[in-house]
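The sequence shown maps to residues -8 to 262 in the working numbering.
Encoded as C-alpha cells, the structure appears first; notes follow it.
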Amino acid sequence: MTPPRLPRVTSPGRWGDLAERVGSALIILVAGAGLLVLPVVATSVGLSVLVAMLMWELTRLVVPAPRMRQVVGVGLVSGLAMAATLFAGSWGTLAFILPLAWGTRASRRELRPAYVGFALLMVLAAWGLLWIRLTFGLGEALWIVALVVLSDVLGYFVGRSVGGPKFWPAISPKKTWSGTAGGWIGAALLGIILVIFGRAGPGVIVIGPILAFAGQMGDIAESWIKRRVGVKDSSRLIPGHGGLMDRFDAMSASLAAATLLGLAGWLPVVG
C-alpha cells in the first residue's frame, strides 16, 4: 500500500517577511511624523494615548494570567500620568509612581527589573519626543524618526542580502552583524546628506549611528522579554504586524538616548 503524500511545507524564504517589515516602517514613519506635525496639545494627547497602550502591552507580557485584570488599569493610569507629565510639567512625573509600582507588583518576580527598565524607557521617549520638538525644533525630531526608519530598513536588506555571523543569536536569531552595521551606515549617510545641504553640523554623522545602535538595542531588549514569556508579538493591536511595542521598541530607545544626549548638551542641531 502506498503511503499517503504529506503536504509540502514551503519555506517563507529570505524575503518572506518583506511586506511586514515595509508595513512596520510605514507605520512608524506615519505615526511618528504625524505626532510631530500636530499642534502641541494634540501631540501631548496622542503621546498620552500611545503610552497608555504601550504600558498595557508591556504589563500584559509580564503579568501572570490570574492577575490579568489589572493590566487595563495599569495602562489607563499610565496614560493619565503621561498627560499629567506633559501638561503639568516636571512635577507630573511623580504620577508615574502609581502605575509603575502597580505594574511591578503584579508582574512576575524575575521580570520586574526588565519591566521597570522598559517602562521608564518608553516614558522617557514619549516625554523626550515633545521636549526635543519644543527645544530643538521640528527638524530635529523628524531627523530622529527618519534615521530609525532608515536604519531598520537598511539593516533588514543588508542583513538578508549579505548574511554572515549573527549579532545576538540567543535573543534575536535573525539579526546579523552585516545588517546591524548596515543600519549604522544608513544613519551616517543620512547625516552626511544633511551636512552637504547645510542642515546640520558634522556631529550628526557620529551621533546618528549612536542613536541607531540604541534603537537596535531597544529591539533586542523587547525580543528578550518576549522570549522569556514565550510569545512572538507583544499583542495583536496591528493586524499582521503584532503590537505597538513591536513597532516602537527601536524608536523608544533611540528617542530616550537622544533625550539624554540633549539634556547633556551633546545632541547636534538639525534643521
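For each residue, glycine too, the CB sits at the ideal point set by N, CA and C.
Does the distance from the C-beta atom of A205 to that of A255 stay below 8 Å?
no
Terminal residues of the continuous alpha helix (DSSP H) containing W122?
103 to 127
W159: first and last residue of the uninterrupted beta strand (DSSP E) it sits in
157 to 159
8 Å Cβ cutoff met for L45 and L235:
yes
To the nearest angstrom, how far is it from the Cα of G264 to the Cα of R60?
Since the displayed the chain opens at -8 and closes at 262, residue 264 lies outside it and no answer follows.
Between F158, D210, I183, D224, which lies nearest to I198 when the distance is taken from Cα to Cα?
I183
For V191, which three-state DSSP category applies?
Sequence inspection shows Ala at residue 191; the Val mentioned does not correspond to that position. Correct three-state label for A191: strand.
Which residue marks the beginning of the alpha helix (DSSP H) containing S35, and which one marks its end?
31 to 53
Give me the Cα-Cα distance between A38 and G25, rounded to the nearest whole angstrom.
First, the residue type needs correcting, since residue 38 is Leu and not Ala in the sequence shown. The alpha-carbon atoms of L38 and G25 are separated by roughly 11 Å.
With DSSP as the reference, label S226 as helix, strand or coil.
coil
Does the Cβ of I123 have 16 or more other Cβ atoms within 10 Å, making it buried, or fewer, making it exposed?
buried
If you drop the 5 nearest sequence neighbours on each side, which residues of the same chain put their C-beta closer than 8 Å to that of G253?
G119, W122, I123, T126, F127
How big is the Cα-Cα spacing for L202 and L89?
Approximately 30 Å, taken between the alpha carbons.
CA-to-CA distance, L52 to K217, given in whole angstroms:
7 Å
With which residues is T167 paired in a DSSP beta bridge?
K157
Reference V114; option with closest CA among V68, G155, R100
V68
Hey, would you say S163 sits closer than 8 Å to I211, going by beta carbons?
Yes. Within cutoff.
Are G83 and A92 closer than 8 Å when you measure CB to CB?
No, they are not a contact pair.
Burial state of S152 (16 or more Cβ within 10 Å):
exposed
Among L29, L141, V63, which residue has its Cα nearest to the Cα of Q207?
Ranked by how close their Cα comes to the Cα of Q207, the residues L29, L141, V63 have L141 in first place.
Assuming A110 and L49 are in contact, meaning their beta carbons sit under 8 Å apart, how far apart are those beta carbons, in whole angstroms?
6 Å
Could you tell me the distance, in whole angstroms, from the CA atom of P(-6) to the CA atom of S226?
For P(-6), the predicted model reports a pLDDT of 47, less than 50, meaning its position is unreliable; a value from the coordinates is still stated below. Cα to Cα, P(-6) sits roughly 41 Å from S226.
Measuring straight from C-alpha to C-alpha, what distance separates G154 and V32?
So the two alpha carbons sit approximately 45 Å from each other.
Residue environment, W134, which counts as buried when at least 16 other CB atoms sit within 10 Å:
W134 comes out buried.
Do D224 and D237 count as a contact pair if the criterion is CB distance below 8 Å?
yes
Distance between G189 and G23 (C-alpha atoms, nearest Å)
24 Å
Straight-line gap, A172 to A105 (C-alpha atoms, nearest Å):
26 Å
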